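J.: Top line first, the protein sequences correspond to chains A and B. For what it's worth, full-length UniProt numbering labels the leading residue of the first sequence as 1, then goes sequentially. For what it's worth, full-length UniProt numbering labels the leading residue of the second sequence as 1, then goes sequentially. Here a beta-carbon is modelled for each residue, glycine too, at the ideal position from N, C-alpha and C. Note that the structure is predicted; figures quoted are calculated from it, not measured. Following this message is one structure expressed as structure tokens.
Protein chains: 2
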Amino acid sequence: MTEFIQKLEKWDTWEITCPGHTDKNPFMDYKIQGTFTGDHECKTVDGFYDGEGNYVVRFMPSFEGIYQFLISGSFSEKTWEGTFEVLPALGNNHGPVHVANTYHFAYEDGVPYYSIGTTCYVWELQSEELQKQTLETLKNSAFNKIRFCILPKHYDYNLNEPISYPYIGTPCDSTKLTSENFMQYNGRAEGNQWDYTRFNPDHFRHIEQCIRQLRDLSIEADLIVMHPYDRWGFSLMDREQDEQYWNYVIARFSAYRNVWWSLANEYDLMPQKSVEDWECYAGIICRKDKYNHLRSIHNCRPFYDYTRPWITHCSIQRQDVYKTAEYVDEWRERYQKPVVLDEIAYEGNIQHGWGNISGKELVRRFWEASLRGGYAGHGETYMNPNDILWWSHGGVLHGESPDRLKFLYQILTETPGYGLTPLKQAWDEVCATVERVSYYLYYYGFNRPSFREFYFDDTTEFDVEVIDTWDMDIENRGICKGKFKVELPGKEYMAIRIRKHQA
Amino acid sequence: MTEFIQKLEKWDTWEITCPGHTDKNPFMDYKIQGTFTGDHECKTVDGFYDGEGNYVVRFMPSFEGIYQFLISGSFSEKTWEGTFEVLPALGNNHGPVHVANTYHFAYEDGVPYYSIGTTCYVWELQSEELQKQTLETLKNSAFNKIRFCILPKHYDYNLNEPISYPYIGTPCDSTKLTSENFMQYNGRAEGNQWDYTRFNPDHFRHIEQCIRQLRDLSIEADLIVMHPYDRWGFSLMDREQDEQYWNYVIARFSAYRNVWWSLANEYDLMPQKSVEDWECYAGIICRKDKYNHLRSIHNCRPFYDYTRPWITHCSIQRQDVYKTAEYVDEWRERYQKPVVLDEIAYEGNIQHGWGNISGKELVRRFWEASLRGGYAGHGETYMNPNDILWWSHGGVLHGESPDRLKFLYQILTETPGYGLTPLKQAWDEVCATVERVSYYLYYYGFNRPSFREFYFDDTTEFDVEVIDTWDMDIENRGICKGKFKVELPGKEYMAIRIRKHQA
Numbered sequence: 001m002t003e004f005i006q007k008l009e010k011w012d013t014w015e016i017t018c019p020g021h022t023d024k025n026p027f028m029d030y031k032i033q034g035t036f037t038g039d040h041e042c043k044t045v046d047g048f049y050d051g052e053g054n055y056v057v058r059f060m061p062s063f064e065g066i067y068q069f070l071i072s073g074s075f076s077e078k079t080w081e082g083t084f085e086v087l088p089a090l091g092n093n094h095g096p097v098h099v100a101n102t103y104h105f106a107y108e109d110g111v112p113y114y115s116i117g118t119t120c121y122v123w124e125l126q127s128e129e130l131q132k133q134t135l136e137t138l139k140n141s142a143f144n145k146i147r148f149c150i151l152p153k154h155y156d157y158n159l160n161e162p163i164s165y166p167y168i169g170t171p172c173d174s175t176k177l178t179s180e181n182f183m184q185y186n187g188r189a190e191g192n193q194w195d196y197t198r199f200n201p202d203h204f205r206h207i208e209q210c211i212r213q214l215r216d217l218s219i220e221a222d223l224i225v226m227h228p229y230d231r232w233g234f235s236l237m238d239r240e241q242d243e244q245y246w247n248y249v250i251a252r253f254s255a256y257r258n259v260w261w262s263l264a265n266e267y268d269l270m271p272q273k274s275v276e277d278w279e280c281y282a283g284i285i286c287r288k289d290k291y292n293h294l295r296s297i298h299n300c301r302p303f304y305d306y307t308r309p310w311i312t313h314c315s316i317q318r319q320d321v322y323k324t325a326e327y328v329d330e331w332r333e334r335y336q337k338p339v340v341l342d343e344i345a346y347e348g349n350i351q352h353g354w355g356n357i358s359g360k361e362l363v364r365r366f367w368e369a370s371l372r373g374g375y376a377g378h379g380e381t382y383m384n385p386n387d388i389l390w391w392s393h394g395g396v397l398h399g400e401s402p403d404r405l406k407f408l409y410q411i412l413t414e415t416p417g418y419g420l421t422p423l424k425q426a427w428d429e430v431c432a433t434v435e436r437v438s439y440y441l442y443y444y445g446f447n448r449p450s451f452r453e454f455y456f457d458d459t460t461e462f463d464v465e466v467i468d469t470w471d472m473d474i475e476n477r478g479i480c481k482g483k484f485k486v487e488l489p490g491k492e493y494m495a496i497r498i499r500k501h502q503a
Numbered sequence: 001m002t003e004f005i006q007k008l009e010k011w012d013t014w015e016i017t018c019p020g021h022t023d024k025n026p027f028m029d030y031k032i033q034g035t036f037t038g039d040h041e042c043k044t045v046d047g048f049y050d051g052e053g054n055y056v057v058r059f060m061p062s063f064e065g066i067y068q069f070l071i072s073g074s075f076s077e078k079t080w081e082g083t084f085e086v087l088p089a090l091g092n093n094h095g096p097v098h099v100a101n102t103y104h105f106a107y108e109d110g111v112p113y114y115s116i117g118t119t120c121y122v123w124e125l126q127s128e129e130l131q132k133q134t135l136e137t138l139k140n141s142a143f144n145k146i147r148f149c150i151l152p153k154h155y156d157y158n159l160n161e162p163i164s165y166p167y168i169g170t171p172c173d174s175t176k177l178t179s180e181n182f183m184q185y186n187g188r189a190e191g192n193q194w195d196y197t198r199f200n201p202d203h204f205r206h207i208e209q210c211i212r213q214l215r216d217l218s219i220e221a222d223l224i225v226m227h228p229y230d231r232w233g234f235s236l237m238d239r240e241q242d243e244q245y246w247n248y249v250i251a252r253f254s255a256y257r258n259v260w261w262s263l264a265n266e267y268d269l270m271p272q273k274s275v276e277d278w279e280c281y282a283g284i285i286c287r288k289d290k291y292n293h294l295r296s297i298h299n300c301r302p303f304y305d306y307t308r309p310w311i312t313h314c315s316i317q318r319q320d321v322y323k324t325a326e327y328v329d330e331w332r333e334r335y336q337k338p339v340v341l342d343e344i345a346y347e348g349n350i351q352h353g354w355g356n357i358s359g360k361e362l363v364r365r366f367w368e369a370s371l372r373g374g375y376a377g378h379g380e381t382y383m384n385p386n387d388i389l390w391w392s393h394g395g396v397l398h399g400e401s402p403d404r405l406k407f408l409y410q411i412l413t414e415t416p417g418y419g420l421t422p423l424k425q426a427w428d429e430v431c432a433t434v435e436r437v438s439y440y441l442y443y444y445g446f447n448r449p450s451f452r453e454f455y456f457d458d459t460t461e462f463d464v465e466v467i468d469t470w471d472m473d474i475e476n477r478g479i480c481k482g483k484f485k486v487e488l489p490g491k492e493y494m495a496i497r498i499r500k501h502q503a
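Shown next, in the form of structure tokens:
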């Protein structure tokens, strides 16, 4: 008797495992799908082969009530039918995140979602001990989104073997790799033997476990499906192999509510992939991901065309090294979509120029992005005797920015509505508001005015607070009205919040 | 017997005062000029009326030897003739500064000139005590250029009366001016009574004394001839009055070797002046300034067209508030002239957004400009109980940047040749060299790499130094060759200098 889930919360993941054919190549030659019918929706989704004769179908219900399911396909002569009950979502289960109000995000249940992302490219492919440490660190952090890769990463500081590979086969010998010679191996190094038609289910099962663990911590899994940092040849498969990979990934992962699709990290460093290829993969997602998860594609230098209809939000790596988050308002206007600066340089001290800004500068960029109505991403790259760097391996955080990002997150969650709207900018100040609400946030960045004068009108009373965004302090300055002056300590990274006083 | 100078150093200022007509309006109705003939040059220059029946001619000799002079004009029926001897220049007298090697500057005698400018708009129109303080401060600083105005300044923190005015007449009542209402008075406030055809010689004599004092401190006087910050109407004279003003200013000041002409501070905030007006004034300078002093014009927002032939160098106010000095290399290429960022925000804590960056940020901008082959300008605006702010009034310096600018100046003077050439830029580094010399300067700005690896070739030996540009320390790392690694402390504002080792 094949077991299946009888009751689950809305937006959780229903799953069934059915035995099926094991001859030929089950990954390619047999299909399984499930049709799910409730009062408010009917969805048909692809399942996948999970090795050892097991075929799996997953489904994320979007409504409460009773659902009927029917599992069928060439994988077996039998079919499976039944019902399950979907209960109300509880606790931290707010459903998947979608775009709200053009430039912002919200959970399916309406709760606003303010993205404070981090990057740990292959945290899940490190030792079990390190993974545990990473999850513990994330639990105590403000990060509610993490970018990471499905495929292993080959790069400086990433010469070690991942714990598993996505395909059946054997990797090239990595013992000769060093910090000096690793660049030569980009692509398909000699010695790799992979069967690109047979996946390694262990690798994907492990990633799913990580996705679930992140979900339980209320952290979005921004999955980087393709990337160029490769010595195994996974970035050089042909179109047919790529499509098979995409279908398998979507069938396995799309039923988890916290999944986002990042088609690539630095798509433009993959010259073998054309725009036509990316559009093809985007098409697969749009057809096969029945839950319409957020979709984007990240750049090294030139942006992908973010006006493409399948792109839900901009996932941007800064292009200029001096002016980064300060372009957010221009990009919002240009693309009319949420702007997420997923990469704006990392806090750290490594020798690579993209990973050695200070915590203060990173936090400043976050505030500049936020008050322009956008979002930013964190990463950390401090030299480490064991070569464990957060940006790639996770572990513990050594930097100063995470606490300040937690403080910023707190302020953001106090925004009335779905997000900040940039209002204006002066020489030394950026100001955000909320549409039709008397709520103003001013940020002074690296400038140090000693005071600021305000005037809104003669009668409205405002609660005024002076916020030290680095020392994480909020000072209540009482109720002000008419023309009023706010004294500031003449130090960097100050902000002022002004809200209509509610009697 | 009219006295005159018998002997003077080359590039000093020869002067004669001759009595003449006092009827009608001597400023306008009578002329005086001098013709100076030496073995290598013959120049005819305009003189000026100095009040009390005195007409003056000044001349700066550009060669050693005997000169003959002939003074004549409608100011008198008499003429004056004679000779004087010009001796070699001594000590700090290197002559006027001119453009050298397209992008840089040098004194007439060939000594390179690295501009480290500051701004004190109306220092010379403050109390005598404050002026003395300013000169003392300048003497102990690295500043070798100071921008200041001929006309008084009306602005926030500048509501006091200047010690003198350029014309005969009476000013409007300034006792009602406050920090809140001063903006209303921009232009010609009621109560002003000026005779725009009669200059006040005291005002100009005092400015000349200041120019001489600066010259003796080896400081260039970057004279701002027109500007918009005015409550007296000096910025609103008609074309004829402007031309008379220009002729008078050039006749009085051009014979001092340390004079530069800044046609305007923020020319674009003077809507009554058209491009045709500015071109007309530039033409007057080109015709009447026989010494071809450096000429430019400073902006608030849009640049003046720096390709105009009369413009010798770009005098730029940064346009973007985040990316300032980092545009220097683009501007050098665009304009093919020295780029002097005369205004890139001031160190301070006043409430105005152009005057409250930290000393660290200002010094960073200086280094970014310098390693891109350009020059920057300093200013300081710290709140002060007596409202004495360096940027306008001079006095003493309260900030942290001046010492670091002195340190930068020291490094610049060690450049072999006439200035730095930008070589390349990476994520976190800007590198400058000197053409055809194995001399390299790397600067890391706000980035903090822990080390850097270098390779030039297998055999050349290099002296390597690690420079802490904020803590002002130079650490000798010895001789390196081939592939070598330079450890860095992982802090901001570090630089590395690499020079071919001379055995």
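Going by the DSSP bridge assignment, what does GLN425/A pair with across the sheet?
T.: Answer is VAL430/A, bridged to GLN425/A.
J.: For GLU368/B, does the three-state DSSP call read helix, strand or coil?
T.: Helix, per DSSP.
J.: Could you pull the start and end residues of the beta strand (DSSP E) that GLN68/B belongs to?
T.: First-last of the beta strand (DSSP E) with GLN68/B: 65-72.
J.: If you follow the alpha helix (DSSP H) that PHE407/A is part of, which residue opens it and which one closes it?
T.: Segment 401-413, the alpha helix (DSSP H) holding PHE407/A.
J.: Just the Cα atoms here: how many angstroms apart are GLU190/B and LEU236/B?
T.: Roughly 14 Å between the two C-alpha positions.
J.: For chain A, is any of its Cβ atoms less than 9 Å away from the one on VAL383/B?
T.: This sequence places Met at residue 383/B; Val is not what is there. For MET383/B, the answer is yes, since a Cβ of chain A falls inside 9 Å of its Cβ.
J.: Kindly say whether ASP305/B, judged by its beta-carbon, lies nearer than 9 Å to any beta-carbon of chain A.
T.: It does not; no Cβ of chain A falls within 9 Å.
J.: Among the candidates CYS210/A, GLU453/A, ARG318/A, whose CA atom is the shortest distance from the CA of LEU125/A?
T.: Ranking the options by Cα distance to LEU125/A, first place goes to CYS210/A.
J.: Let me know the secondary structure DSSP gives TRP194/B once reduced to three states.
T.: Strand.
J.: Grab the span of the alpha helix (DSSP H) containing LYS132/A for me, first residue to last.
T.: That run of the alpha helix (DSSP H) goes 128-139.
J.: Along the chain, where does the beta strand (DSSP E) that runs through PHE204/A open and close?
T.: Looking at the DSSP string, PHE204/A is not in any beta strand (DSSP E); the run it does join, the alpha helix (DSSP H), is 201-216.
J.: Looking at the strands, I want to know which residues DSSP matches up with THR83/B.
T.: DSSP output for THR83/B lists GLN68/B as bridge partner(s).
J.: Do ILE71/A and THR79/A count as a contact pair if the criterion is CB distance below 9 Å?
T.: Yes, they are a contact pair.
J.: Taking 9 Å as the CB-CB limit, is ASN160/A close to chain B?
T.: No, because no Cβ of chain B sits closer than 9 Å to the Cβ of ASN160/A.
J.: Between ALA221/B and PHE63/B, what straight-line distance do the alpha-carbon atoms span, to the nearest angstrom?
T.: For ALA221/B and PHE63/B, the distance between alpha carbons rounds to 22 Å.
J.: What separation, rounded to the nearest whole angstrom, lies between the Cα atoms of ILE219/A and ARG252/A?
T.: Going by the C-alpha atoms only, they are around 19 Å apart.
J.: Any idea what DSSP makes of TYR280/A, helix, strand or coil?
T.: Before going on, a small fix: residue 280/A reads as Cys here, not Tyr. Helix at CYS280/A.
J.: Name the residues in the stretch 332-352 of chain B whose C-beta lies less than 9 Å from a C-beta of chain A; which are they?
T.: If the cut-off is 9 Å between Cβ atoms, the stretch 332-352 of chain B has ALA345, GLY348, ASN349, ILE350, GLN351, HIS352 near chain A.
J.: What I want to know is whether the C-beta of ASP387/A ends up closer than 8 Å to one or more non-hydrogen atoms of the ligand FAD.
T.: Of the ligands one can find in the structure shown there are none, so the ligand FAD has no counterpart to examine.
J.: Can you check DSSP and say which residues form a bridge with ARG308/A?
T.: Per DSSP, none; premise fails for ARG308/A.
J.: Could you say which of GLN131/A, TRP123/A, LEU159/A, GLY117/A lies nearest to ALA142/A if we only look at CA atoms?
T.: Minimum Cα distance to ALA142/A is reached at GLY117/A.
J.: Pull out every residue of the stretch 312-324 of chain B whose Cβ sits closer than 8 Å to any Cβ of chain C, in chain order.
T.: Any reference to chain C falls outside this structure, whose protein chains are A and B.
J.: For TYR440/B and PRO489/A, I'd like the C-alpha separation in whole angstroms.
T.: Using only the alpha carbons, I get a separation of about 40 Å.
J.: Can you tell me where the beta strand (DSSP E) holding residue 506/B begins and where it ends?
T.: No statement about residue 506/B is possible, as the shown extent of chain B runs from 1 to 503 and does not include it.
J.: Could you pull the DSSP bridge partners for ARG58/A from this structure?
T.: Answer is GLU15/A.
J.: What number of angstroms, rounded off, separates the C-alpha of GLN131/B from the C-alpha of TRP123/B?
T.: Cα-Cα distance, rounded: 6 Å.
J.: Given a cut-off of 9 Å on the beta-carbon distance, is the pair SER179/B and ASP156/B in contact?
T.: Yes; because the gap between Cβ atoms is below 9 Å, this pair is in contact.
J.: Just checking: is the beta-carbon of ILE357/A within a distance shorter than 9 Å of some beta-carbon in chain B?
T.: Yes, ILE357/A lies at the interface with chain B (some Cβ there is under 9 Å from its Cβ).
J.: Can you tell me whether VAL486/A is helix, strand or coil according to DSSP?
T.: Strand, per DSSP.
J.: For the stretch 5-13 of chain B and the stretch 84-96 of chain B, state whether three or more C-beta atom pairs, one from each stretch, are separated by less than 8 Å.
T.: With the cut-off at 8 Å, the stretch 5-13 of chain B and the stretch 84-96 of chain B touch.
J.: What does TRP354/A reach in chain B if we use C-beta pairs closer than 7 Å?
T.: Neighbours of TRP354/A on chain B, chain order: TRP427.
J.: Can you tell me which of the three DSSP states GLU161/B falls into?
T.: Of the three classes helix, strand and coil, the one that applies to GLU161/B here is coil, per DSSP.
J.: Out of TYR409/B, THR421/B, SER76/B, point me to the one whose CA is closest to PRO338/B's CA.
T.: The shortest Cα separation from PRO338/B among TYR409/B, THR421/B, SER76/B belongs to THR421/B.
J.: Using DSSP with H/G/I as helix, E/B as strand and the rest coil, what is PHE303/B?
T.: Reduced to three states, the DSSP call for PHE303/B is coil.
J.: Around the C-beta of GLU380/A, are 16 or more other C-beta atoms found within 10 angstroms, so that it is buried, or is it exposed?
T.: Burial call: buried.
J.: Find out if the Cβ-Cβ distance for the pair HIS104/A, TYR418/A is shorter than 9 Å.
T.: Taking 9 Å as the Cβ cut-off, HIS104/A and TYR418/A qualify as a contacting pair.
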